[in-house]
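Going by our numbering, the sequence shown opens with residue 3, and the numbers climb by one from there. Glycine is no exception: its CB is placed at the ideal position from the N, C-alpha and C atoms.
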Amino acid sequence: MDKITLAALKKLYRYDNSDYDVVRGVSLYRINSLNLEERNTAGKTMNWSGSHMMK
3 MDKITLAALK KLYRYDNSDY DVVRGVSLYR INSLNLEERN TAGKTMNWSG SHMMK
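Printed below as a string of structure tokens:
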């Protein structure tokens, strides 16, 4: 994994960037904390599709 992708993921998966969904028992992370370039880079590397990204 390259440094740019790692930096984007660190920025995304911060505790203060999440909301806990009690019903499903998971943390949901706000993708809008990343700029468009970071979203595209992380999305391609992690093989994300748009339906899996919260907006």
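Around the beta carbon of Ala-9, a 10 Å sphere encloses fewer than 16 other beta carbons of the protein chains shown; the residue is thus reported as exposed. Between Leu-11 and Ser-20, the gap from beta carbon to beta carbon reaches 8 angstroms or more. By the Cβ neighbour-count rule, Leu-38 is exposed, with fewer than 16 other Cβ atoms within 10 Å of its own. Taken through DSSP and simplified to helix, strand or coil, Asp-4 comes out as coil.
The three-state reading of DSSP puts Leu-36 in coil, since its state is none of H, G, I, E or B.
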